[in-house]
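Each remark here refers to the structure printed beneath this line.
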Amino acid sequence: DATLVAGTAALSVTGSPVSLTGLYPTATRSAAVTVTNTGSTALQLRVDALTGPATATAFSSSLTIGVGIATSATACTNGSTASTWTGTFASAPAGSLGVTLTAGSSAIVCVSTTMSASAPSTAQSASAGYTLTLGGRQP
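Just so we're aligned, residue 16 is where the sequence shown starts under our numbering, counting upward by one.
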């Protein structure tokens, strides 16, 4: 016999976006956000989408976005958090972050932006915004 149990799936995200000010080739900027499972069922955290500028620029084309689970906000911003997912605006497949949040629990998610070592000089000190969509999937 199987039992069907209803539940809700919901995530909340708090924190500040990554500042790309002064980004130069090989430099990485990181920011920590807290993701909380506000639903009643466990959810596996994942990256659902990465959306960059409508028109690619030398700057946006030279960026790699990384996402990983940090032990603390400091571990994220000091560069000691490894990315479990990476993508560019040209190629950003959805993927798991390797952690499951039970109802009411939280994780510190580290979002990093790195400029390629081969970025053209026109890319340095430019700017672009992007949207990273995090989601959850029932295990």
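Just so it is clear, CB atoms sit at the ideal spot from N, CA and C, and this is done for glycine as well.
Computed from a predicted model, the values in this text were never measured in an experiment.
Residue i to residue j, Cα distance in whole Å?
{"i": "Gln59", "j": "Leu112", "result": "8 Å"}
{"i": "Ala24", "j": "Thr36", "result": "35 Å"}
{"i": "Thr115", "j": "Thr51", "result": "11 Å"}
{"i": "Thr92", "j": "Gly110", "result": "22 Å"}
{"i": "Ala132", "j": "Pro40", "result": "5 Å"}
{"i": "Arg61", "j": "Pro135", "result": "32 Å"}
{"i": "Thr70", "j": "Ser55", "result": "40 Å"}
{"i": "Ala90", "j": "Thr29", "result": "17 Å"}
{"i": "Gly150", "j": "Thr137", "result": "34 Å"}
{"i": "Ala85", "j": "Leu147", "result": "17 Å"}
{"i": "Thr103", "j": "Ala42", "result": "16 Å"}
{"i": "Met130", "j": "Ala105", "result": "14 Å"}
{"i": "Ala97", "j": "Val33", "result": "16 Å"}
Going by alpha carbons, who is nearest to residue i out of the options?
{"i": "Ser87", "options": "Arg61, Ala46, Val33", "result": "Ala46"}
{"i": "Gly144", "options": "Ala97, Leu65, Gly22, Gly119", "result": "Leu65"}
{"i": "Thr101", "options": "Gly151, Ala141, Ser31, Asp63", "result": "Asp63"}
{"i": "Ala107", "options": "Gly67, Ser120, Thr96", "result": "Gly67"}
{"i": "Ser120", "options": "Ser77, Leu38, Thr49", "result": "Thr49"}
Quick one: measure Cβ to Cβ for residue i and residue j, integer angstroms, because I've assumed they're closer than 8 Å.
{"i": "Thr53", "j": "Ser75", "result": "The Cβ separation is near 32 Å, so there is no contact."}
{"i": "Ala21", "j": "Gln153", "result": "Ala21 to Gln153, Cβ: 12 Å. No contact."}
{"i": "Ala118", "j": "Thr72", "result": "Contact flag wrong, Cβ pair sits at about 42 Å."}
For the alpha helix (DSSP H) containing residue i, name the first residue and the last one.
{"i": "Ala90", "result": "88-92"}
{"i": "Ser76", "result": "73-76"}
request  = Inspect the CB distances between the region 125-145 and the region 75-89 and report whether three or more fall short of 8 Å.
outcome  = yes
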